[in-house]
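> Before anything else, here's the structure in question.
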């Protein structure tokens, strides 16, 4: 059995939710439909003519890309142009294109975490906050017989996390009163009679993004037809997600040695560096893609070296004057997302019992060559 396009992308968006994308980023379905069976999906950094040919040859029904194929509004699709021919091939071969860009960058365990991990950066936080997930408190009243079942249901759904602790809740015993009306089918009591029941007030904490599945899990585990529960907003800050990562290096090194580590770990043909090659670097920041405008963020994070692509001349001069070393592996360093994304999706599809294949693209899309 093969998964539908909606199921495949549901898994993708559970990992890299759309709300994590920066404002006006072009993400989501850009070509074709998800309302079909997906036998094979290809994960690519860019959707080029060669990548589409690769997808056709592989028999792929879906391309999951990092960079948008449609970024500016289209006024026409002229199939005599290079871009038009790409769209023509996609449509004629019924290949859908879905884009996960900054939402994949920001996601926990996503692009920037992959890059930080392979460079040996022990992440302490993000460079630029993009989204804060507000915290809520769920209060529900449960009869003694179902106290544990309801607690475990909401914990499994994602409630009860405070820092590195889980299964966090508070409960107090009390008495609940109710009188079942006409047409009810009460779990406890009789229609028309006032009931007094030993109940527990259970309180737990949850992120707003998981409110719907947590409440649904609570209602499914609760024995009452009409459970009494409340949800309150909290002043406590929720989890912050953002672009880039920074932290201490597991192994301090000279700038030259660290730059060679970046080149090898990200599998790029060359890197550019700014700073004294013999300087020892102990703290580093990384941001996939084009990160020139985040140089000041790296300085505020107190790092010795910033790894990012597309560094321009004037940013390099400013960094040098400020004492911040730079390592530029190019924009194509984001290639790391192909194998990582394919591996994760393939494992989740297999675990769900589907035969849908997910493979990384092997076509190079970096337009630059070194002479």
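Residue numbers (my numbering): 73 to 443.
Every residue gets a Cβ at the ideal spot worked out from N, C-alpha and C, and that includes glycine.
Since we're looking at a predicted model, the values are computed, not measured.
(1) In the DSSP assignment, find the unbroken beta strand (DSSP E) run with residue 78 in it and report its ends.
(2) Count the other C-beta atoms from every protein chain shown that fall within 10 angstroms of the C-beta of residue 149, then say buried if there are 16 or more, exposed otherwise.
(3) If you draw a straight line from the C-alpha of residue 168 to the C-alpha of residue 370, how long is it?
(4) Counting beta carbon pairs with one atom in the region 112-126 and one in the region 154-165, are three or more of them shorter than 8 Å?
(5) To the nearest angstrom, how far is the alpha carbon of residue 205 from that of residue 305?
(6) Give me whichever residues DSSP pairs with residue 201 in a beta bridge.
(7) Which partner residues of residue 242 appear in the DSSP bridge assignment?
(8) With a threshold of 8 Å, are at least 3 pairs of Cβ atoms found where one atom belongs to the region 222-231 and the other to the region 311-319?
(9) With 16 as the cutoff for other CB atoms within 10 Å, does residue 201 come out buried or exposed?
(10) Can you tell me whether residue 337 is helix, strand or coil according to DSSP?
(11) For the alpha helix (DSSP H) holding residue 286, just list the boundary residues, first then last.
(12) How big is the Cα-Cα spacing for residue 367 and residue 353?
(13) DSSP state of residue 362, grouped into three classes?
(14) To which residues of the same chain is residue 140 closer than 7 Å at the C-beta, ignoring the five residues directly before and after it?
(15) Buried or exposed, going by whether 16 or more other CB atoms sit within 10 Å of the CB of residue 129?
(16) When DSSP labels each residue in this structure, what does residue 417 get in the three-state scheme?
(17) List in chain order: all unbroken alpha helix (DSSP H) runs of 4+ residues lying wholly within the region 140-223.
(18) Helix, strand or coil for residue 120? Go by DSSP, reduced to three states.
(19) Going by Cα to Cα distance, which pick from 405, 365 and 404 is closest to residue 387?
(20) Among 290, 237, 255 and 262, which has the Cα closest to the Cα of residue 249?
(21) For residue 300, which three-state DSSP category applies?
(22) So residue 274 and residue 219 are in contact, right, with Cβ under 8 Å, and what is the actual spacing, rounded?
(23) Count the CB pairs spanning the region 103-118 and the region 180-194 that are closer than 8 Å, and state whether there are at least three.
(24) Please report the Cβ distance between residue 116 and residue 433, rounded to the nearest whole angstrom; I am assuming they are in contact, meaning their Cβ atoms lie under 8 Å.
(25) Measure the Cβ-Cβ separation of residue 21 and residue 405 and say whether it is below 7 Å.
(26) Taking the Cβ atom as the reference point for each residue, do residue 158 and residue 135 lie within a distance shorter than 7 Å?
(27) Between residue 438 and the rest of its own chain, which residues show a CB-CB distance below 6 Å, the 5 nearest in sequence each way excluded?
(28) Hey, residue 314 and residue 198: beta-carbon distance below 7 Å or not?
(29) If I follow the unbroken alpha helix (DSSP H) through residue 387, where does it start and stop?
(30) Given this structure, state the Cα-to-Cα distance separating residue 431 from residue 413, to the nearest angstrom.
(31) In whole angstroms, what separates the C-alpha of residue 179 from that of residue 269?
(32) Per DSSP, what kind of secondary structure is residue 368 in: helix, strand or coil?
(33) When DSSP labels each residue in this structure, what does residue 109 get in the three-state scheme?
(34) For a test of the three-state rule: what should DSSP assign to residue 440, helix, strand or coil?
(35) Quick check on the burial criterion: 16 or more other C-beta atoms within 10 angstroms. Buried or exposed for residue 234?
(36) Note down the Cα distance separating residue 211 from residue 91, rounded to an integer number of angstroms.
Walking through what the data contain:
(1) The sequence position of residue 78 within the chain shown is 6, counting from 1. Element bounds for residue 78: not the beta strand (DSSP E) but the alpha helix (DSSP H), 77-87.
(2) Numbered from 1 along the chain shown, position 77 holds the residue referred to as residue 149. With fewer than 16 other Cβ atoms within 10 Å, it is exposed.
(3) Position 96 of the chain shown, counted from the first residue, corresponds to residue 168. Position 298 of the chain shown, counted from the first residue, corresponds to residue 370. If I take the Cα positions, the gap works out to 37 Å.
(4) yes
(5) Along the chain shown, read from residue 1 onward, the residue named residue 205 stands at position 133. Along the chain shown, read from residue 1 onward, the residue named residue 305 stands at position 233. Rounded to the nearest angstrom, the two C-alpha atoms are 11 Å apart.
(6) Residue numbering aside, residue 201 sits at position 129 when the chain shown is read from its first letter. Residue 201 is bridged to 314.
(7) Translated into positions along the chain shown, residue 242 becomes position 170. Paired residues: 275.
(8) no
(9) Locating residue 201 in the chain shown gives position 129, where the first residue counts as 1. By the 10 Å Cβ count, residue 201 comes out exposed.
(10) Along the chain shown, one-based indexing puts residue 337 at 265. Helix.
(11) Walking along the chain shown from the start, residue 286 turns up at place 214. Start and end: 283-293.
(12) By one-based count along the chain shown, residue 367 stands at place 295. By one-based count along the chain shown, residue 353 stands at place 281. Between residue 367 and residue 353, the C-alpha separation is close to 16 Å.
(13) Start at 1 with the first residue of the chain shown, and residue 362 comes out as number 290. Correct three-state label for residue 362: strand.
(14) Here residue 140 corresponds to residue number 68 of the chain shown, with the count starting at 1. Once the five neighbours on either side are set aside, the close Cβ partners of residue 140 are 98, 102, 171 and 173.
(15) In the chain shown, residue 129 corresponds to position 57, counting from 1. With fewer than 16 other Cβ atoms within 10 Å, it is exposed.
(16) Here residue 417 corresponds to residue number 345 of the chain shown, with the count starting at 1. Residue 417: helix per DSSP, three-state reduction.
(17) 154-164, 174-178 and 183-190
(18) If you number the chain shown from 1, residue 120 lands on position 48. Residue 120: coil per DSSP, three-state reduction.
(19) The count along the chain shown starts at 1 and reaches residue 387 at position 315. Comparing Cα positions, the closest option is 365.
(20) For this step, residue 249 is matched to residue 177 along the chain shown. Minimum Cα distance to residue 249 is reached at 262.
(21) Here residue 300 refers to the residue found at position 228 when the chain shown is read from its first residue. Reduced to three states, the DSSP call for residue 300 is coil.
(22) Working through the chain shown from its first residue, we reach residue 274 at position 202. Working through the chain shown from its first residue, we reach residue 219 at position 147. Contact flag correct, Cβ pair sits at about 7 Å.
(23) no
(24) As a first step, residue 116 is located in the chain shown; it is residue number 44 there, counting from the start. As a first step, residue 433 is located in the chain shown; it is residue number 361 there, counting from the start. Sure, about 4 Å apart at Cβ, within 8 Å.
(25) No information on residue 21 is available, as it lies outside the stretch 73 to 443 that the chain covers here.
(26) Sequence index remark: in the chain shown, residue 158 carries index 86 (1-based). Sequence index remark: in the chain shown, residue 135 carries index 63 (1-based). Against a cut-off of 7 Å, the Cβ pair of residue 135 and residue 158 comes out as no contact.
(27) As a first step, residue 438 must be located in the chain shown, where it is residue number 366. Correct list, in chain order: 404.
(28) Start at 1 with the first residue of the chain shown, and residue 314 comes out as number 242. Start at 1 with the first residue of the chain shown, and residue 198 comes out as number 126. Yes, they are a contact pair.
(29) The count along the chain shown starts at 1 and reaches residue 387 at position 315. Segment 385-394, the alpha helix (DSSP H) holding residue 387.
(30) Taking the first residue of the chain shown as 1, we reach residue 431 at position 359. Taking the first residue of the chain shown as 1, we reach residue 413 at position 341. Cα to Cα, the separation comes out at about 9 Å.
(31) Position 107 of the chain shown, counted from the first residue, corresponds to residue 179. Position 197 of the chain shown, counted from the first residue, corresponds to residue 269. Using only the alpha carbons, I get a separation of about 45 Å.
(32) Reading the chain shown from its first residue, position 296 is the one you call residue 368. Of the three classes helix, strand and coil, the one that applies to residue 368 here is helix, per DSSP.
(33) Looking up residue 109 in the chain shown gives position 37. DSSP places residue 109 in strand when its eight states are reduced to three.
(34) Within the chain shown, numbered from 1, the residue matching residue 440 stands at position 368. It is coil, neither helix nor strand.
(35) Taking the first residue of the chain shown as 1, we reach residue 234 at position 162. With fewer than 16 other Cβ atoms within 10 Å, it is exposed.
(36) As a first step, residue 211 is located in the chain shown; it is residue number 139 there, counting from the start. As a first step, residue 91 is located in the chain shown; it is residue number 19 there, counting from the start. C-alpha separation (whole angstroms): 26 Å.
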